[in-house]
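The working numbering puts the first residue of the sequence shown at 13, with every later residue one more than the last. Where a beta carbon is used, it is the ideal one built from N, C-alpha and C, also for glycine. On a predicted model such as this, the values are computed, not experimentally measured, just so you know. First comes the structure, then the notes that go with it.
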Amino acid sequence: MNRIGVFGANGRMGRALLEVISQDNNCQLSAFCRTGSDLIGFDLGPTTMGAKGPILLKSEQNINHNEIDVLIDFTLASGLKNHLADAVKNKTAMVIGTTGLTENEMLALEQASKTIPIVFARNFSVGINVLLSLVKTAATTLDENIDIEIFEAHHRNKIDAPSGTALAIGEAIADAKGWQHDKVAKFDRSSDEVAKTQNEIGYSVLRAGDIVGEHTAYFATMGERLELTHKASSRITFAQGAVRAAAWLKNKPPGLYTMQDVLSLHD
13 MNRIGVFGAN
23 GRMGRALLEV
33 ISQDNNCQLS
43 AFCRTGSDLI
53 GFDLGPTTMG
63 AKGPILLKSE
73 QNINHNEIDV
83 LIDFTLASGL
93 KNHLADAVKN
103 KTAMVIGTTG
113 LTENEMLALE
123 QASKTIPIVF
133 ARNFSVGINV
143 LLSLVKTAAT
153 TLDENIDIEI
163 FEAHHRNKID
173 APSGTALAIG
183 EAIADAKGWQ
193 HDKVAKFDRS
203 SDEVAKTQNE
213 IGYSVLRAGD
223 IVGEHTAYFA
233 TMGERLELTH
243 KASSRITFAQ
253 GAVRAAAWLK
263 NKPPGLYTMQ
273 DVLSLHD
């Protein structure tokens, strides 16, 4: 039995996680919301597909770590800091999908992974993680004289831009090419007065409506263009990947893992 706790269970991603976990007979669920929320004690069971009973929202301040194997966190960075500290104190494994982390927040995550096992990914979709492998192949196989661009689209409320997933795609390409991503990433050409070079990765962003997530990596040269695209139509796909990661992470030694590890997609 995989005993999973979900932070931010009343949010959009949290609800998707509850649905996936509730339909898995090999999972035991605990649902948490922020301390002080008016929703503490609210029953999400009747609104969750697959729920076989009540799902009472508990305060994240009252976690019984003896009843949980893995905590899943897709909340904001401000909440992750406390969640991570509490998990380290109680030696509880974590699956983390929070995006937009600063360099210092990433360092804190790496430090925590010396004590507990953590799966961190900017995108838990299995399809996206296959895409990360495909862009590496494209980057190392196609002609050197090629233009590389990344386009991403999300809903109007997404804050970080480019998305963490778009950056992960760019970082995978840069790694395959032997480039330092921060030196080749191009986020704004509005002040450029010269033609682009083939030693850069351009990013384009769209925010509109309720788009769940679309990402395309373009590899273009004279006469041909390769487009590798992933489109998500539901947050369920991210939730399924996160729950898969939680099952995989159970009883793993401390360390910082990725979905590439979970899916055995490493070179």
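Asked	Found
Integer Cβ distance of ILE213 from ALA197, believed to fall under 8 Å	6 Å
7 Å Cβ shell around LYS103 - same chain, five flanking residues per side excluded	THR127 and ILE128
Cα-Cα separation between VAL142 and ALA180, rounded to whole angstroms	12 Å
Buried versus exposed call for ASP194 [16 or more other C-beta atoms within 10 Å across all chains shown]	exposed
Integer Cβ distance of ALA133 from MET271, believed to fall under 8 Å	4 Å
Minimum length 4: unbroken alpha helix (DSSP H) runs contained in the segment 102-190	115-124, 138-153 and 176-189
Those residues which DSSP pairs with HIS227 across a bridge	GLU164 and HIS242
HIS227 vs ALA186 beta-carbon contact at 8 Å	no
Opposing strand residues paired with ASN14 [DSSP bridges]	CYS39
Same chain, Cβ closer than 6 Å to PHE250, neighbours up to 5 away in sequence not counted	PHE136 and SER137
Identity of the residue in ALA89, LYS64, TYR215 and ALA150 nearest LEU240 by Cα	ALA150
Reduced DSSP category for GLY267 - H, G, I as helix; E, B as strand; rest coil	strand
DSSP state of ALA197 mapped onto helix, strand, coil	strand
Alpha carbon of SER34 to alpha carbon of THR233, nearest angstrom	48 Å
For ARG15, the nearest candidate out of ALA28, ALA89 and LEU41 (CA to CA)	LEU41
First through last residue of the alpha helix (DSSP H) which encompasses LEU30	24-34
Rounded separation between ASP204 and ARG27 - CA only	44 Å
Beta-carbon separation (whole angstroms), LEU277 vs TYR269, contact threshold 8 Å	Actually they are not in contact, since the Cβ atoms of LEU277 and TYR269 sit about 12 Å apart, beyond 8 Å.
Residues near THR59 in its chain [Cβ-Cβ closer than 8 Å; skip 5 each side]	ARG27
Backbone CA spacing between ASP50 and SER71 [nearest angstrom]	10 Å
The alpha helix (DSSP H) enclosing ARG256, as first and last residue numbers	248-261
Contact check, LEU69 vs GLY53, beta carbons under 8 Å	yes
Local conformation of VAL100 per DSSP, three classes	helix
Helix, strand or coil at LYS64 [DSSP, three-state]	coil
For GLY57, three-class secondary structure by DSSP	helix
8 Å Cβ cutoff met for ILE280 and HIS242	No statement about residue 280 is possible, as the shown extent of the chain runs from 13 to 279 and does not include it.
Reduced DSSP category for GLU236 - H, G, I as helix; E, B as strand; rest coil	strand
Neighbourhood of ILE326 by C-beta distance below 8 Å, restricted to the same chain and skipping five residues each side	The requested residue 326 does not occur in the structure, where the chain is confined to residues 13 to 279.
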